[in-house]
Structures are given as structure tokens and as C-alpha cells.
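Each remark here refers to the structure printed beneath this line.
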Amino acid sequence: MSFLKENKVDVLLLDITLPDANGIELCREIKALSPDTHVLALSNHSERSMILQMIQNGATGYLLKNISSEELVACIQEALSGMITFSKGAKEIMARPSISELKGIPQLTKREKEILHLIADGKTTPDIAQQLNLSPLTVETHRKNLIQKFQVRNVAALIKMAAQQGLL
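In my numbering, the protein residues as written are 14 to 181.
So this is what it looks like as C-alpha cells:
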């Protein structure tokens, strides 16, 4: 980051898994500091949600690490010409719809969305009940309804599915 403050950088290759930082968050910080820098994610992560998060945080492209040197150069050239670019493997991942996309995003009430966010923040049923002036039984009912609407088995899967669908 200190290098970016002092120097103009056209293209930056950024891994998602770094020993001392989260590459997805770092991408956002890089783009805030240096909006003209083209950030290309170069990663082993082949999850669609990771690709989307990087693009949403300002990345110009997403490349899987098994990319050939020729394809890497071509992707860098595409990025420099102003296009969002993906390696062949990343394109294949993006072309396959996820299970959650095939199911569609469930319609949630305002209260369900509120409770979903509080659950994702790690709040317990009593905490949520107190914060929203509801009975714990009402909160549990909303929690069960969310699990049913998302067609998942537990809260961990609920949060994962909601995040994949961009609801968190």
C-alpha cells in the first residue's frame, strides 16, 4: 500500500489468500487509494462467490492460478484496454449457475432481513429478541422460517446461502 501511495501502478496481481491480509478487502482498499490501478485477482479459489466478491470490490478481472503465461498476458492486455477479464477457468465457473441461483432468491419480509443480518452478526436469539423488542419464541419462528425459505439445514448454511445471493 505504501508503494501505491508513491507510485503509479497500471496492473496489480492480487491473491485472495494472503498471510497477513484478506485479498478481497485489500482489493477495495487498493481501488480506494489508486482508482486507476487494474487489480487482477490471481487465485486458486474457484468459487463463484469469491469471483463475484472480487469484482464487486473493484477488481478488473479474475484469473485462476493454472493459467498459461500466454493467457495471463492476454488478460492483462484486456484489462489495460478497459475490459473486465477472466481466465478460461474463471469464465467456465461464471457460466455455470450456482444451486442457489437455480433456486432463486427467496422473498423475505423486512423483519426476516433484519433478523438474518443480526444472525450473521453472531447475535443469539435472546440478544435479537431484546434488541428488536420481540419474544425469543418469535425470533426462533423467524429463524425457522428463514431456514425453510432458503431450503437449508442449519444457520451456518443459511448464512452461506444468503451471502452467495448477495443478501449480506
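Positions of the beta carbon are idealized from the N, C-alpha and C atoms, including for glycine.
**Prompt:** Just checking, does the segment 124 to 138 make contact with the segment 64 to 72 on the three C-beta pairs under 8 Å criterion?
**Reply:** no
**Three-state class that DSSP yields for residue 58 in the structure shown** = Within the sequence shown, residue 58 is the residue found at index 45, counting from 1. It is coil, neither helix nor strand.
**Item:** Which of helix, strand or coil DSSP assigns to residue 74
**Value:** Residue mapping note: residue 74 aligns to position 61 of the sequence shown, counting from 1. If DSSP states are grouped into helix, strand and coil, residue 74 belongs with the strands.
**Request:** Take the Cβ of residue 122 as the centre, count every other Cβ of all protein chains shown within 10 Å, and call the residue buried at 16 or more, exposed below.
**Result:** Reading the sequence shown from its first residue, position 109 is the one you call residue 122. Exposed, since its Cβ has fewer than 16 Cβ neighbours within 10 Å.
**Message:** Are the CB atoms of residue 36 and residue 28 within a distance shorter than 7 Å?
**Reply:** Locating residue 28 in the sequence shown gives position 15, counting from the first residue. Locating residue 36 in the sequence shown gives position 23, counting from the first residue. Yes, Cβ-Cβ distance for residue 28 and residue 36 is below 7 Å.
**Message:** Assuming residue 17 is part of the beta strand (DSSP E), what are its boundary residues?
**Reply:** Here residue 17 refers to the residue found at position 4 of the sequence shown. Element bounds for residue 17: not the beta strand (DSSP E) but the alpha helix (DSSP H), 15 to 19.
**Request:** Mind checking who residue 51 pairs with in its DSSP beta bridge?
**Result:** Here the question's residue 51 lines up with position 38 in the sequence shown. Its beta-bridge partners are 24.
**Prompt:** Near residue 136, which residues of its chain fall below 8 Å by C-beta distance, leaving aside the five closest residues on each side in sequence?
**Reply:** Along the sequence shown, read from residue 1 onward, the residue named residue 136 stands at position 123. Here the set comprises 144.
**Item:** Contact set for residue 88: own chain, Cβ-Cβ below 7 Å, skip 5 residues either direction
**Value:** By 1-based counting over the sequence shown, the position of residue 88 is 75. Result list for residue 88: 53, 74, 76, 98 and 100, in chain order.
**Asked** Where does residue 56 land, buried or exposed, given buried means 16+ other C-beta within 10 angstroms?
**Response** Residue numbering aside, residue 56 sits at position 43 when the sequence shown is read from its first letter. When all chains shown are included, residue 56 counts as buried.
**Message:** So residue 92 and residue 51 are supposed to be a Cβ contact under 8 Å. How far apart are they, rounded?
**Reply:** The residue you call residue 92 lines up with position 79 of the sequence shown. The residue you call residue 51 lines up with position 38 of the sequence shown. Between residue 51 and residue 92 the Cβ distance is about 4 Å, and since that is below 8 Å, they are a contact.
**Message:** Helix, strand or coil, according to DSSP, for residue 158 in the structure here?
**Reply:** Your numbering for residue 158 matches position 145 in the sequence shown. It is helical.
**Prompt:** Going by C-alpha distance, which of 105, 69 and 23 is nearest residue 94?
**Reply:** Mapped onto the sequence shown, residue 94 falls at position 81. Comparing Cα-Cα distances from residue 94 to each of 105, 69 and 23, the minimum goes to 23.
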